[in-house]
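Count the sequence shown with our numbering and you get residues 11 to 173, in order.
Cβ atoms here follow ideal geometry from the backbone N, Cα and C, with glycine treated the same way.
Note that the coordinates shown come from a computational prediction; the quantities given were computed from them, not determined experimentally.
A quick write-up on the structure given underneath.
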Amino acid sequence: MSVSFIRIDDRMIHGQTCTRWAREYPCDGLIAVNDKAASNDVLKAAYKAASGKKTFVWTLEDFKKKADKVLNSDTKYFLITKNSVDMAKILVDMGFSCGIDTVIVGPCNDREGAIKLGNNQSVTQEEADAFAQIAAKGYKIKFALLPDVSIGTWDDFKGKFGY
Numbered sequence: 011m012s013v014s015f016i017r018i019d020d021r022m023i024h025g026q027t028c029t030r031w032a033r034e035y036p037c038d039g040l041i042a043v044n045d046k047a048a049s050n051d052v053l054k055a056a057y058k059a060a061s062g063k064k065t066f067v068w069t070l071e072d073f074k075k076k077a078d079k080v081l082n083s084d085t086k087y088f089l090i091t092k093n094s095v096d097m098a099k100i101l102v103d104m105g106f107s108c109g110i111d112t113v114i115v116g117p118c119n120d121r122e123g124a125i126k127l128g129n130n131q132s133v134t135q136e137e138a139d140a141f142a143q144i145a146a147k148g149y150k151i152k153f154a155l156l157p158d159v160s161i162g163t164w165d166d167f168k169g170k171f172g173y
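Given below as structure tokens:
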């Protein structure tokens, strides 16, 4: 298995992701997909330093080009995006499938226009639309800051967004 964990986290890579979640889902490395971060050397260096593991920070286009290589790798990776819109591009638009059927949603900061679902978990309508696309593709979506701290699933909250 090449991807052991799929996560959406607006901080992308930080110590908590690498230590706490890696106990539940072992990994050898991280693949963070975000166009802005991938084109900023300072951000890339910070993300790589935060993990202590083999870390790649790619654009969506980079991921599209390397997806088959990821799938065929013996290395177990966490696949992380900063938001659900980017994750929908990977899982729905690109059709990336790695055998993992659950997407874990971590911190999503409170922002103007976002609906607060729980502590540090707020979602905009655009992000909710992306969650709906991901769910329609057959994925379970679980909102969990930590493995033992979940506020629920997409099914619990989709009504707030017209689904």
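C-beta atoms of residue i and residue j nearer than 8 Å
i, j, result
"Glu137", "Ser94", "yes"
"Val43", "Thr91", "yes"
"Thr65", "Leu81", "no"
"Ala142", "Lys168", "yes"
"Val13", "Ile110", "yes"
"Ala140", "Ile114", "no"
"Gln131", "Pro117", "yes"
"Ile144", "Ala98", "yes"
Simplified DSSP state of residue i, which is helix, strand or coil
i, result
"Tyr57", "helix"
"Ser94", "helix"
"Gly148", "coil"
"Ile114", "strand"
"Ile23", "coil"
Between the CA atoms of residue j and residue i - distance to the nearest angstrom
i, j, result
"Ala48", "Lys152", "26 Å"
"Thr50", "Leu89", "Reading the sequence as shown, one finds Asn at residue 50 and not Thr. Going from the Cα of Asn50 to the Cα of Leu89 covers about 19 Å."
"Lys79", "Thr85", "10 Å"
"Thr69", "Asp45", "4 Å"
"Trp31", "Asp20", "16 Å"
Boundaries of the beta strand (DSSP E) in which residue i is found, first to last residue
i, result
"Ile125", "Ile125 to Gly128"
"Phe73", "It is not in any beta strand (DSSP E) - Phe73 instead sits in the alpha helix (DSSP H) that spans Leu70 to Leu81."
"Ser14", "Val13 to Ile18"
Span of the alpha helix (DSSP H), counted from its first residue to its last, around residue i
i, result
"Phe167", "Trp164 to Phe167"
Task: Every unbroken alpha helix (DSSP H) within the region 26-54, with a cutoff of 4 residues, ordered by chain - done: Runs of alpha helix (DSSP H) with 4 or more residues, each lying fully within the region 26-54, are found at 45-48, listed in chain order.
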